[in-house]
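Numbering (this note's numbering), first residue to last: 4 to 332. The C-beta atom is built at its ideal place from N, Cα and C for all residues, glycine as well.
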Ligand SMILES: NC(=O)c1ccc[n+]([C@@H]2O[C@H](COP(=O)([O-])OP(=O)(O)OC[C@H]3O[C@@H](n4cnc5c(N)ncnc54)[C@H](OP(=O)(O)O)[C@@H]3O)[C@@H](O)[C@H]2O)c1
């Protein structure tokens, strides 16, 4: 029988956010499990993530310039979507009648965009790209948790690295090599044949070097570039809110004709073709996302507190267990 509410009548665990505020606004509740429409798939979520975007969206640190546009899109006084969560990976549980790309049992990863809803056991999504998400087959050699890092960090890194049209032998600087996107940007630049310099703080020097950077600079100790340090492409991978004396000096270190791009220059594109390219490069061993910590869904507020401090190494994933037990009811 057709269910007009597109809910199955069964329950599921979800993280509900009914107001903007500190991590404690996130509460685990039981809600109705969704059911797919004809043009949707139902995803059994195995992992989600706490990204820089999730922290902004929860409402505590939205930059003044972005406050009005973000609140118009996400909800003026309270979130339009009570279930937050931008990134997911999991398995297709069932498909609507018109679905062609996916079948039950396929393992997928992607972003939910303005549809949000990844902080739950299940999520319905269209198979086509829109501002309400993009979905692709998950890289086989990654855990569900790692796949969430590849989806978010990969989409960000690839979109903005493409601005550089990087050629083999070119000198590339990744400012912020220790974040989810920066860690992938370093590896992508190496794959493209660039000579890569990466910037991070003291505690991340070794980790960033291990990602393949030819040279690593500590922004807490170096405040300018040497005269001979010139770059054909510079990517600010941490966004316009995070800066330092060294970052301010970046543009002067561009070679003649060099390009500078910030990961905040334009909106993130939700692009399943790009997710498929990321899958290929991950499976071919060129890119490995960095997973800092994993929390269970029940500790999502702790994960938000940690990520909110702004110094995660790579990304933070959330494991979604389907044990039928509702913790912290
Ligand atoms: N265009 C869009 O639509 C869009 C969408 C989503 C996100 N974004 C942007 O993408 C950014 C990147 O997100 P992400 O998850 O990859 O990384 P992130 O979480 O923003 O960055 C974490 C990293 O930032 C580094 N960091 C903190 N302060 C720094 C500073 N002053 N200078 C240099 N590095 C600093 C930290 O490393 P250290 O501990 O070494 O400092 C940490 O590893 C977001 O912050 C957001 O601005 C844009």
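In whole angstroms, what separates the C-alpha of residue i from that of residue j?
| i | j | result |
| --- | --- | --- |
| residue 43 | residue 111 | 14 Å |
| residue 185 | residue 107 | 34 Å |
| residue 71 | residue 114 | 23 Å |
| residue 326 | residue 295 | 25 Å |
| residue 169 | residue 217 | 16 Å |
| residue 10 | residue 88 | 19 Å |
| residue 175 | residue 220 | 13 Å |
| residue 311 | residue 41 | 38 Å |
| residue 181 | residue 208 | 9 Å |
| residue 8 | residue 27 | The predicted position of residue 8 is uncertain, since its pLDDT is 47 and thus under 50; a value taken from the coordinates is nonetheless stated next. Each residue's alpha carbon lies about 30 Å from the other. |
| residue 190 | residue 283 | 14 Å |
| residue 322 | residue 229 | 44 Å |
| residue 132 | residue 104 | 12 Å |
| residue 37 | residue 200 | 46 Å |
| residue 309 | residue 100 | 42 Å |
| residue 251 | residue 195 | 26 Å |
| residue 253 | residue 289 | 27 Å |
If you follow the beta strand (DSSP E) that residue i is part of, which residue opens it and which one closes it?
| i | result |
| --- | --- |
| residue 305 | Unbroken run through residue 305 is the alpha helix (DSSP H), 303 to 311; no beta strand (DSSP E). |
| residue 235 | 234 to 239 |
| residue 265 | 257 to 265 |
| residue 191 | From DSSP, residue 191 is part of no beta strand (DSSP E) but of the alpha helix (DSSP H) over 183 to 194. |
| residue 92 | 90 to 98 |
| residue 124 | From DSSP, residue 124 is part of no beta strand (DSSP E); its letter is neither H nor E. |
| residue 2 | The structure shown has nothing for residue 2, since the chain only spans 4 to 332. |
| residue 139 | 137 to 140 |
| residue 320 | 318 to 322 |
| residue 114 | 110 to 114 |
| residue 231 | Counting along the chain, residue 231 falls outside any beta strand (DSSP E), and DSSP gives it neither H nor E. |
If I'm right that residue i touches residue j with Cβ under 8 Å, what's the distance once you round it to whole angstroms?
| i | j | result |
| --- | --- | --- |
| residue 246 | residue 54 | Going by Cβ atoms, the distance from residue 246 to residue 54 rounds to 20 Å, so no, they are not a contact pair. |
| residue 138 | residue 152 | Actually they are not in contact, since the Cβ atoms of residue 138 and residue 152 sit about 16 Å apart, beyond 8 Å. |
| residue 97 | residue 49 | The pair is not a contact, with the Cβ atoms about 16 Å apart (cut-off 8 Å). |
| residue 24 | residue 78 | So it is not a contact: roughly 13 Å between Cβ atoms. |
Is the closest heavy atom of ligand 2 to the C-beta of residue i under 7 Å?
| i | result |
| --- | --- |
| residue 213 | No copy of ligand 2 occurs in the structure displayed; its ligands are ligand 1 alone. |
Between the Cα of residue i and those of the options, spot the shortest distance and give me the residue it belongs to.
| i | options | result |
| --- | --- | --- |
| residue 173 | 275, 298, 164 and 180 | 164 |
| residue 60 | 93, 21 and 49 | 21 |
| residue 16 | 196, 33 and 313 | 33 |
| residue 161 | 292, 85 and 68 | 292 |
| residue 286 | 233, 240, 141 and 264 | 141 |
| residue 117 | 75, 109 and 92 | 75 |
| residue 259 | 235, 100, 269 and 248 | 235 |
| residue 231 | 51, 268, 122 and 255 | 255 |
| residue 275 | 29, 157, 206 and 314 | 157 |
| residue 238 | 203, 188, 277 and 125 | 188 |
| residue 316 | 322, 288, 214 and 284 | 214 |
| residue 298 | 134, 147 and 279 | 147 |
| residue 266 | 242, 273 and 249 | 242 |
Looking at the secondary structure, which residues open and close the alpha helix (DSSP H) in which residue i lies?
| i | result |
| --- | --- |
| residue 153 | 147 to 164 |
| residue 58 | 55 to 61 |
| residue 17 | Residue 17 -> not in any alpha helix (DSSP H); beta strand (DSSP E) instead, spanning 10 to 19. |
| residue 211 | 208 to 213 |
| residue 74 | 67 to 77 |
| residue 277 | 275 to 286 |
| residue 251 | 248 to 251 |
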